[in-house]
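With the UniProt record's numbering as the guide, the letters of the sequence shown map in order to residues 1 to 714.
Heads up: the structure comes next, in structure tokens.
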Amino acid sequence: MSADTTQRLISAELVGLDEDLGATSSDVIRVLADRVAATGRAADGATLAEDAIKREASVGTGVPGGIAIPHARSASVSSPTLAFSRLARKVPFGAPDGDADVVFMIAVPEGADKDHLTVLSTLARALIRDDFTAALRAASTPQEVVDLVQREVGGEVAAAGVGTASSASRPATTAGATGAAAATAAGAGAAAGSAGARKVIVGVTACPTGIAHTYMAADALVAAAERAGAEMHVETQGSSQVEPLDPALIARADAVVFAVDVDVRDRGRFAGKPLVSGPVKRGVDEPDAMIAEAIRAADDPHAARVQGGAASASETTKPDEHFGQALKRWLLTGVSYMIPFVAGGGLLIALGFLLSGYAIALPHGDSGQNNAVYTLTNYTLLNLPPEGLGYYLGAAAFQIGGVSLGFLVAALAGYIAYAIADRPGIAPGFVAGSIAVFMNAGFLGGLVGGLIAGAAAYWIGRIPTWRWLRGLMPVVIIPLFASIIASGLMLLVLGGPIAWLMTQLTNWLNSLNGASAILLGVILGLMMAFDLGGPVNKVAYSFAVAGLGAGTATNVVPFEIMAAVMAAGMVPPLALALASTVLYRKGFTKPERENGKAAWLLGASFISEGAIPFAAADPLRVIPASMVGAAVTGAISMAAGVTSRAPHGGIFVFFAIGDIVMFIVAILAGTVVSALVLVGLKKWVRKSPAAESVAAEQAAVAGETVGQRAPAAV
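Structure (structure tokens):
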């Protein structure tokens, strides 16, 4: 970025001192927007004002200290611009402590480059500092205001264009500056001495435009944590480049703070952590309250926790991950986003069977397609199928479920591409996945199509281009050409061979019977219990979920695999519950027995993480015992031909299970076997006293962490 960046962001013509711009925030915004347009930086002041007023209506841009920062992205803006006014008459902008007399309006083009946005974020952070705002109030000429801005962001300009903070006094808030945050917090650590060890808090800040509040909230939270004697690290998910928090830092964090107005990216990284959340403006207005709540939540086992399964947690981006790790992350991201389509569709189909019988899978005329409710005649709840209302509703559920499952492959491909190339990859991925369905290439075609679409979108997005074209890149250029590349390859080159391979795989699965089916059940059971939500568990679960879309009334093997995987995944927590609360209570510590009570419900719901507290404390006895029982369950389930059309839910989706009696028998058998093996190991394979003590502490910690976490397999 050139040395005159700041001069191009603001000039004396854009500064007004001690002026009356009206009584409302809209009045002030319109004047400043016209001022921007008068300098040639916006094509239409009215359009810019409308965009900024719309942004203001969603959440006020006033911040404590009599400051307001109205801001907007607008197609009318040609270059990033700052307009400033020091008001003679204060105007309400929604700040909690009163009206504003210092107003910075930030106008950004829709395709503004990251260097400008980095400078703007630096300025936004400065506006919560008393010394900077006092200097703005004391300025006597417009040029003096321009010089103040230049001094504030000059370090940012000089630091290789995008670099680091411009002032040593500015708190470090991004993930890349966590060391500085820790250093500044260290001096305040004594203040928390009476409350025990200094708490480590991580957080995310994000606002809809990602320009001002994102960074101001981050700095305010870091400063509040320092005052409270805590260590705070914030990931700013704004318009400037996002530096993800270090996964190791997240792992040791005591609590999480989300000050956001939009979805948190990769939320699953924080799964299981105590959570305090609120709008981004609260992070600016009430940072001390949020930090105090986070410190209390860290010590409260009943505090709200971040929801998210292990699959979504795997989406964490590591700067130094090798290709194999990245590939696994991409694929599991696709699977995690695909699961809602499978879950909703599968359960609706199961509901259709419950209401109408399995004959609903055969041609059912227009019962579920062409009859609106107001056209029904002679339908009563007492009539038997096919004339009854129950049959009609079942047909509708079956139809909706089938349509939902039709998105399975497209969603898989779309979100694999999203994991690689972010939002520009979604459309090419969905199109490539749909082409895979058209070519009968199945979920394997979706995997390949999603990878190609993501790679193409990623590559196209990094081609240097003109500034005027950058705004079109993510919404037109990248989706168009990435779709041509990925879908063209699928349609003209890869679809046929992949379809052939899918046919062979389907034929092999259909041929499984007797000993081969039992062996597959054993293998799936061992995988589900091996690491309780880790990579091996995910492979087995993803294999089962991805195959659901290929299941039909005549090809039930994918449903049998899903049933075996779900039943086997239920065994570890149920077995630990049985062993710790019934069979051998004295062999478990008090925290373990408490965890065992919760494990009954977790296991019944197919939440394998219910076994994690036990496995963390005693892995060499718990995991082998769990694997033995899960293998027994998988074998019985496959041998009995049990089916499941639902990818999750455990015993609570009983209506989606074919042969529910044998499903329960398989689970009970595996649970009893695992519990007996574990009791035997507890009795005859002892650990040292020191190891037992450490294990008890680990079990207690793991139990609190697992609290309200979502299913390991999802």
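Where is the CB? At the ideal position from N, CA and C, for every residue including glycine.
Between which two residues does the alpha helix (DSSP H) harbouring residue i extend?
{"i": "Gly-94", "result": "Unbroken run through Gly-94: none, as it is neither H nor E."}
{"i": "Asp-299", "result": "From DSSP, Asp-299 is part of no alpha helix (DSSP H); its letter is neither H nor E."}
{"i": "Asp-219", "result": "213 to 228"}
{"i": "Pro-624", "result": "619 to 640"}
{"i": "Leu-678", "result": "660 to 684"}
{"i": "Ser-516", "result": "515 to 530"}
{"i": "Gly-45", "result": "45 to 58"}
{"i": "Ser-25", "result": "25 to 38"}
{"i": "Asp-285", "result": "280 to 285"}
{"i": "Phe-481", "result": "478 to 489"}
{"i": "residue 715", "result": "Residue 715 lies beyond the range of the chain shown here (1 to 714); nothing can be said about it."}
Grab the span of the beta strand (DSSP E) containing residue i for me, first residue to last.
{"i": "Thr-205", "result": "200 to 206"}
{"i": "Thr-236", "result": "231 to 236"}
{"i": "Leu-17", "result": "15 to 19"}
{"i": "Val-256", "result": "255 to 260"}
{"i": "Ala-138", "result": "Per DSSP, Ala-138 belongs to no beta strand (DSSP E); it is in the alpha helix (DSSP H), 130 to 138."}
Which residue's Cα is closest to the Cα of residue i: the options?
{"i": "Gly-433", "options": "Gly-446, Asn-440, Met-439", "result": "Gly-446"}
{"i": "Tyr-673", "options": "Pro-624, Val-437, Leu-148", "result": "Correcting the residue identity first, residue 673 is Val in this sequence and not Tyr. Considering only alpha carbons, the answer is Pro-624."}
{"i": "Met-338", "options": "Tyr-392, Ala-615, Lys-597, Ala-410", "result": "Ala-410"}
{"i": "Gly-442", "options": "Gly-551, Pro-479, Ile-523", "result": "Gly-551"}
{"i": "Val-102", "options": "Ala-224, Ala-251, Asp-130", "result": "Asp-130"}
{"i": "Leu-526", "options": "Glu-110, Ile-498, Asp-18, Thr-633", "result": "Thr-633"}
{"i": "Thr-122", "options": "Ala-486, Asp-219, Leu-681", "result": "Asp-219"}
{"i": "Ile-607", "options": "Asn-537, Ser-79, Ala-33, Glu-560", "result": "Asn-537"}
{"i": "Ala-675", "options": "Leu-583, Ala-456, Ala-413, Ile-291", "result": "Leu-583"}
{"i": "residue 715", "options": "Ile-67, Leu-620, Val-565, Ile-660", "result": "The structure shown does not extend to residue 715, since the chain is modelled only from 1 through 714, so no value can be given for it."}
{"i": "Leu-9", "options": "Glu-19, Leu-275, Leu-17, Thr-39", "result": "Thr-39"}
{"i": "Ile-29", "options": "Arg-265, Ser-85, Leu-393", "result": "Ser-85"}
{"i": "Thr-141", "options": "Thr-81, Ala-12, Glu-226", "result": "Ala-12"}
{"i": "Asn-440", "options": "Gly-454, Tyr-415, Val-475, Gln-504", "result": "Gln-504"}
{"i": "Arg-35", "options": "Ala-57, Thr-81, Gly-65", "result": "Thr-81"}
{"i": "Tyr-391", "options": "Tyr-415, Ala-107, Leu-355", "result": "Leu-355"}
{"i": "Gly-62", "options": "His-302, Glu-243, Val-280", "result": "Val-280"}
{"i": "Thr-248", "options": "Ala-224, Val-202, Ala-225", "result": "Contrary to the premise, residue 248 reads as Ala rather than Thr in this sequence. With distances taken between Cα atoms, Ala-248 lies closest to Val-202."}
{"i": "Leu-620", "options": "Leu-494, Val-685, Ile-484", "result": "Val-685"}
{"i": "Leu-576", "options": "Arg-423, Thr-133, Leu-681, Ser-58", "result": "Leu-681"}
{"i": "His-71", "options": "Phe-270, Pro-109, Gly-98", "result": "Pro-109"}
{"i": "Lys-199", "options": "Pro-244, Thr-205, Ala-224, Met-216", "result": "Ala-224"}
{"i": "Val-437", "options": "Ile-426, Gly-450, Ala-456", "result": "Gly-450"}
{"i": "Ile-485", "options": "Pro-428, Ala-529, Ile-660", "result": "Pro-428"}
{"i": "Ile-106", "options": "Ala-138, Asp-97, Leu-32, Leu-532", "result": "Leu-32"}
{"i": "Val-145", "options": "Leu-532, Gly-60, Val-15, Arg-252", "result": "Val-15"}
Using DSSP's beta-bridge definition, name the partner residues of residue i.
{"i": "Pro-274", "result": "Arg-305"}
{"i": "Val-103", "result": "Ala-68, Ser-85"}
{"i": "Val-63", "result": "Ile-67"}
{"i": "Thr-643", "result": "Gly-658"}
{"i": "Val-108", "result": "Arg-73"}
{"i": "Ala-42", "result": "Val-77"}
- Message: Which runs of the alpha helix (DSSP H) at least 4 residues long sit entirely within the region 539 to 589? Give them in chain order.
- Response: 557 to 578
Could you check whether the region 486 to 495 touches the region 459 to 477, counting it as contact only if at least three pairs of C-beta atoms, one from each stretch, sit closer than 8 Å? no
(Q) Whether or not the region 20 to 28 and the region 82 to 92 are in contact is what I'm after, with contact meaning three or more pairs of Cβ atoms, one per stretch, closer than 8 Å; do they touch? (A) yes
Three or more C-beta pairs under 8 Å: does that hold for the region 558 to 572 against the region 628 to 639? yes
Q. Just checking, does the region 597 to 604 make contact with the region 639 to 653 on the three C-beta pairs under 8 Å criterion?
A. yes
Q. Considering only residues of the region 419 to 456, which uninterrupted beta strand (DSSP E) runs meet the minimum length of 3 residues and lie entirely inside it, listed in chain order?
A. none
On the three-pair Cβ rule with 8 Å, is the region 325 to 332 touching the region 224 to 234?
no
Q) Is the region 68 to 87 touching the region 288 to 301, taking contact as three or more C-beta pairs under 8 Å? A) no
Contact between the region 553 to 561 and the region 588 to 597 (3+ Cβ pairs under 8 Å): no
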